[in-house]
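Residue numbers (my numbering), protein chains in the order written: chain S, 7 to 456; chain F, 7 to 456.
Where a beta carbon is used, it is the ideal one built from N, C-alpha and C, also for glycine.
Below is one structure, written out as structure tokens; comments come after it.
Number of protein chains: 2
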Amino acid sequence: MTPLPPHLEEAYRAMLARFVAIPSVGAEGRGQSEMAHALVLELEALGLDTHAHETEGAPVIFAERRVHGAPSVLFYNHYDVQPADPLDLWESDPFTLTERDGSLYGRGASDDKGQLVSRIIALRWLRERHGDLPFGVVFVVEGEEEIGSPNMVRYVEERREQLAADVGIWEFGGVDAHDRPLLTCGLKGIATVDLSLRTAAMDLHSANGPVVQNAAWRLASAVAGLRDEEGRVLIEGFYDRVRPPTDAERGYVEATPRDDDVFAEHVGVERFLGGATGAEYQRRLQLEPTLNVNGFHSGYGGPGMKTVLPATALAKLDFRLVPDQQPLEIVALLHEHLEREGFSDVVVNLAEEPERPARVDPDDPWLRHAADALEEAYGTPAVVIVSSGGSGPLHPFVEVLELPIAMIGVSYPGSRVHSPNEHVRLVDVHRGTYATVRLLERWAGLAPPD
Amino acid sequence: MTPLPPHLEEAYRAMLARFVAIPSVGAEGRGQSEMAHALVLELEALGLDTHAHETEGAPVIFAERRVHGAPSVLFYNHYDVQPADPLDLWESDPFTLTERDGSLYGRGASDDKGQLVSRIIALRWLRERHGDLPFGVVFVVEGEEEIGSPNMVRYVEERREQLAADVGIWEFGGVDAHDRPLLTCGLKGIATVDLSLRTAAMDLHSANGPVVQNAAWRLASAVAGLRDEEGRVLIEGFYDRVRPPTDAERGYVEATPRDDDVFAEHVGVERFLGGATGAEYQRRLQLEPTLNVNGFHSGYGGPGMKTVLPATALAKLDFRLVPDQQPLEIVALLHEHLEREGFSDVVVNLAEEPERPARVDPDDPWLRHAADALEEAYGTPAVVIVSSGGSGPLHPFVEVLELPIAMIGVSYPGSRVHSPNEHVRLVDVHRGTYATVRLLERWAGLAPPD
């Protein structure tokens, strides 16, 4: 590993401290414009032509510098962060970057300010290594990723020409639990829906149980029938559009190093769904679509008893989808399933803008460069992940802009992303930023300076 | 109807005002001893030998005056009340008795202070009518009815001799929606249980859905299998001990005046379970045991989405039982059912002390007197209800003390018992108290004074 030069490590720490100090919590609608402004200053300092593009939500910060005849690299990142609560579980103030034991703590220290700063510092480093940036750079930094990127698809579609590039680097990435660098090549799609039900005008005394339908039981019954004990979704047509994995994808999934035993111990689970271990565990995580119940609430939940017959019930679901499933079609299938099963009184509402699944080809030559750069920076081969189990607005970048996208970065499984005590390890900042530098050099056809 | 004499109406109002002013909310553990003391003074003023009997919870106020050679009547009542919240829905202070439009408003104005005061005033009236009380009187007034009477069974069993009586008057009663007097002859039993489940050591990101079991889904699945769409309980053995109704019980159920249409409109229900109307609706309410889901809670329930995979789930159930079902046996059957269905990870806990079902014979001569007294007081025949859909500590009084029990009183369906703006109508106080007077005269073999 080639470490960041000390002055760039210092610059990383200082820029991240400025960013973390701005509580740009999208869900709370605060700090967005201040953060956007701070980001514009940093991107302009890189010599990029920088603009705040208005959307129906928070502005997208767009920056570019094109180099005639050279490839352009698009960086997708976001400047919003998750809420910091529960505050009492933080060991230091979430909005004051704090260094402890070789790590930098704060909300956004990893997701996504720490990643974004790593890319900016990588570009500075490249300029120092080569006197200039001899390739095109495009930044797309949105402010609504943590609330589901509701305006990203339209933004990319409307600015397709302006965003044109040859290859992209995604907002996150890092190492696995054994410090092996990950090269993730896809994200699942997501559709989030609320199921709600009313069986009477008001909650009633449970003495009416023999005659009035119980909303909690009825919605439990509807939800129970949506999948089976091993997680298989029972909605007719749900799997129809699932694209069978290619031999290459199957090969990468089978080659993913085993870590289900470590995870099982960490989360206290004795048996995974389907009894999955090893390659089957990885296949499920990377390639299987699912239906999750995020929450179910009806009636009384306090201590002791309350003999109420609840008139309303609410279940919150998310579907994680794989290519070529279509989120809105899946929601329509859910509708039809409920009708068919006699649950036409269950109201289905989209909770958030859905996201479509997307993958890039791990064997694309641009991605092979990424694997090589990672091996060089980390001294160990990259682990190719065909698809993350998570979601994000990857689809328009892959399908509209037709970009091969590399997901690499400075995170690790213990970064506590979205949780109290989020942090980035300095060791990951050094090697992750160096990997980015080497990848950009490879893509631009530059030899590393002596 | 013979109204209460004005000075007794005034005495009713004044005593109820004193009682309502004491917030004896059992669930909040406040006002109990002050209320017990106020009650002791009133019962002593009636000339009864009055004691506060300690229990493991709130004391039972016991009062008696025996008359050699005459029958003894036991009054079961309670001096605790439900919590007053939500406070903002009260039109007057819940702990200040307030008269509006011919009704007296306040927490406990009906349940059970209003009923209790009616019985005390009835005894005063009887003394005025006959110069003395020529029959035995026993009061058992507990302070924990609203939290499930956890100490009543043991209390009755331990003081079986001391409580001996010939007949009893229960803590509640009144008229139906058409102002017909009700003579209720039974209560259902109740067992309340919490079902809880843990599938992982912590809530996880829902990207883990393909491999980690979802606690919300799994408990929904367990709960869904406990009953069917029309309310039939699917737990093996659940109905085994249900005693078939006698011809007389069947006859009373069929003769119950139809009021399901009024209730359907009031609660906004288009179809009752099993499509029940008329006599079948009454049969279900009075004779069918049920399983109710009082609440179901797991995971996220706020606005928008949160892509969490919940590791825990909680469901709160109540079983309403009929003779000769045994609450603890039913809980054991629930256990066995869950084991058999593969839900051995669902933890079953009793939420509160269960109560056994009990009924008295509507054709018992003591009860026939009650029907006659009601018809005399209300000018219309009493409606015999074989069993209320609700529960209470009736079983030890019927089965241990072997008392025929009449459930009569001063309530009506709009009394808003357990809700904001609880009240008693003065018209019900007049005729309900008079019915009590006439019933006691009939039981004691006294002719009404000229």
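The beta carbon of Q219 (chain F) sits closer than 8 Å to the beta carbons of T205, A206 from its chain, once the five residues preceding and following it are set aside; these are given in chain order. Of all alpha-carbon atoms in S:A64, S:R130, S:G174, S:V181, the one lying nearest the alpha-carbon of E151 (chain S) is that of S:A64.
If you look at F269 (chain S), you'll find it in the alpha helix (DSSP H) that goes 266–273. Take the alpha-carbon of D94 (chain F) and the one of L432 (chain F): they are about 25 Å apart. Contact between the region 25–42 of chain S and the region 76–96 of chain S is present: 3 or more CB-CB pairs across the two stretches fall below 8 Å.
Burial check for E255 (chain S): the Cβ neighbour count within 10 Å reaches 16 or more, so the residue is buried. In chain order, G154, T198, N300, K322, D324, A357, E358 make up the part of chain F whose C-beta sits under 8 Å from the C-beta of M311 (chain S).
The C-beta of L327 (chain F) comes no closer than 9 Å to any C-beta of chain S.
Among the residues of chain F, those whose CB is under 8 Å from the CB of A222 (chain S) are V229, V299, N300, G301, F302, A321, following chain order. In this structure, L189 (chain S) sits near L373 (chain S), with a CB-CB distance shorter than 9 Å. Contact of Y306 (chain F) with chain S is assigned, a C-beta pair being separated by under 9 Å.
A distance of 9 Å or more separates the beta carbons of L334 (chain F) and N300 (chain F). A Cβ-Cβ separation of about 7 Å places V354 (chain S) in contact with V337 (chain S) under the 8 Å criterion.
Unbroken beta strand (DSSP E) stretches of 3 residues or longer found wholly inside the region 238–314 of chain F: 296–305, given in chain order. A buried status is given to Q292 (chain F), since no fewer than 16 other beta-carbon atoms sit within 10 Å of its beta-carbon. Unbroken beta strand (DSSP E) stretches of 3 residues or longer found wholly inside the region 92–161 of chain S: 104–106, 109–111, 142–148, given in chain order.
Burial is judged here by how many other beta carbons sit within 10 angstroms of a residue's own beta carbon; V389 (chain S) has at least 16 and is buried. Judged by beta-carbon spacing, R71 (chain S) lies within the 9 Å limit of V143 (chain S), meaning their Cβ atoms are closer than that value. Contacts with chain F at 9 Å (Cβ-Cβ) include P316 (chain S).
In this structure, G237 (chain F) lies away from E163 (chain F), with their beta-carbon atoms at least 9 Å apart.
The C-beta of S350 (chain F) has fewer than 16 other C-beta atoms within 10 Å across all chains shown, which makes the residue exposed. Nearest CB-CB separation between N427 (chain F) and chain S: not below the 9 Å threshold.
Under DSSP, H57 (chain S) takes part in a beta bridge, and its partners are S:F68.
Taking 9 Å as the cut-off, the Cβ atoms of A183 (chain S) and P419 (chain S) count as close.
Listed along chain S is no residue with a C-beta nearer than 8 Å to that of S350 (chain F); the closest approach is about 13 Å. Shortest Cα-Cα distance from S30 (chain S) to any of S:A44, S:A17, S:R19 involves S:A44. A Cβ-Cβ separation of about 6 Å places G195 (chain F) in contact with S397 (chain F) under the 8 Å criterion. Excluding sequence positions up to five before and after V430 (chain F), its CB lies within less than 6 Å of the CB of L110, A115, S116, G120, V416, all in the same chain and listed in chain order. Pairing T283 (chain S) with Y384 (chain S), the inter-Cα distance amounts to about 27 Å.
The beta carbon of D234 (chain F) sits closer than 8 Å to those of L240, all from its chain and outside the five residues before and after it, given in chain order. The alpha helix (DSSP H) runs lying completely inside the region 350–422 of chain F and spanning 4 residues or more are 371–384, given in chain order. When the alpha-carbon of W131 (chain F) is set against those of F:L452, F:Y440, F:A69, F:R249, the nearest one is in F:Y440. Here D200 (chain S) is bridged, per DSSP, to S:K322, S:N355. CA-CA distance, L225 (chain S) to D209 (chain S), rounds to 15 Å.
Chain order gives no chain F residues near P89 (chain S), where near means a beta carbon separation below 9 Å; the closest approach is about 10 Å. Per DSSP, S78 (chain S) is one residue of the beta strand (DSSP E) stretching across 78–84.
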